[in-house]
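Q:
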Amino acid sequence: MPLYPEVPPRLKAAERFLKQKGVKTLVIVAHSQGATMSSYYLSRNTNDIQGFVAIGMGATQKDSGVNSSISLKTINIPVLDLYGTDDLPGVLETAELRKQAAAHNPQYSQKVIQGANHFFDEMNDELVVAVADWSQQF
110 MPLYPEVPPR
120 LKAAERFLKQ
130 KGVKTLVIVA
140 HSQGATMSSY
150 YLSRNTNDIQ
160 GFVAIGMGAT
170 QKDSGVNSSI
180 SLKTINIPVL
190 DLYGTDDLPG
200 VLETAELRKQ
210 AAAHNPQYSQ
220 KVIQGANHFF
230 DEMNDELVVA
240 VADWSQQF
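The sequence shown begins at 110 in the numbering used here and counts up one residue at a time.
1) Quick one: grab the DSSP three-state call for residue 174.
2) Do the region 162-179 and the region 195-204 meet, that is, are 3 or more Cβ pairs less than 8 Å apart?
3) Pick helix, strand or coil for residue 165, following the three-state DSSP scheme.
4) Exposed or buried, which one is residue 242 when buried takes at least 16 other CB atoms within 10 Å?
5) Would you list, in sequence order, the uninterrupted beta strand (DSSP E) runs of no fewer than 3 residues that lie entirely inside the region 172-246?
6) What span of residues does the alpha helix (DSSP H) with residue 138 cover, start to end?
7) Checking the sheet assignment: what are the DSSP bridge partners for residue 160?
8) Please list, in chain order, all residues of the same chain as residue 162 whose beta carbon is under 6 Å from its beta carbon, the five residues on each side excluded.
9) So, with DSSP's three-state summary, where would you put residue 143?
10) Could you have a look at residue 114 and say whether DSSP puts it in helix, strand or coil?
11) Within 8 Å, do at least three Cβ pairs link the region 206-217 to the region 118-128?
12) Three or more C-beta pairs under 8 Å: does that hold for the region 213-226 against the region 139-159?
13) Apart from the five residues on each side of it in sequence, which residues of its chain come closer than 8 Å, Cβ to Cβ, to residue 182?
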């Protein structure tokens, strides 16, 4: 929680850096707490991000300021909410809540990888394929 005030300036700096390097398409791919931090940023700051892949993102934070299901209510870019059937309880138990929060966004999709745990141990290929397939829209 103490790091959340640092999230916007850090991600904004990353955006500027990548734009200066000539990158035209910016997609955030983040895991777990990083995904929650990214959803926090995307919902509260103007940005040039075109897509967001949230891997193993829960919505268990009681503070609505950092709860990803609250953040998803205002995110309108393509989002892939990706998790495994053997993910952490906080990810599994909030999957439907996240999906409902993003119901306004026709570019939101949720994908579950059979047998994957929170870290996609021994399932890197399945993780990469899911992200690459989704990323073809860019």
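Positions of the beta carbon are idealized from the N, C-alpha and C atoms, including for glycine. For clarity, every value in this text was computed on a predicted model and none was experimentally measured.
A: Considering the structure as presented:
1) The three-state secondary structure of residue 174, taken from DSSP, is helix.
2) These segments touch.
3) Three-state result, residue 165: coil.
4) It is exposed - the Cβ of residue 242 has fewer than 16 other Cβ atoms within 10 Å.
5) Counting only runs that start and end inside the region 172-246, the beta strand (DSSP E) elements of at least 3 residues fall at 188-195 and 217-226.
6) Unbroken run through residue 138 is the beta strand (DSSP E), 136-140; no alpha helix (DSSP H).
7) 136, per the DSSP bridge assignment.
8) Within the same chain, residue 162 has close Cβ partners 138, 189 and 240.
9) Residue state, collapsed to three classes: helix.
10) In the three-state reduction of the DSSP assignment, residue 114 falls in the helix class, which pools H, G and I.
11) Here the region 118-128 makes no contact with the region 206-217; the two share fewer than three CB pairs at distances below 8 Å.
12) No: fewer than three Cβ pairs fall under 8 Å.
13) The beta carbon of residue 182 lies closer than 8 Å to those of 152, 210, 211 and 213 in the same chain, with the five residues before and after it left out.
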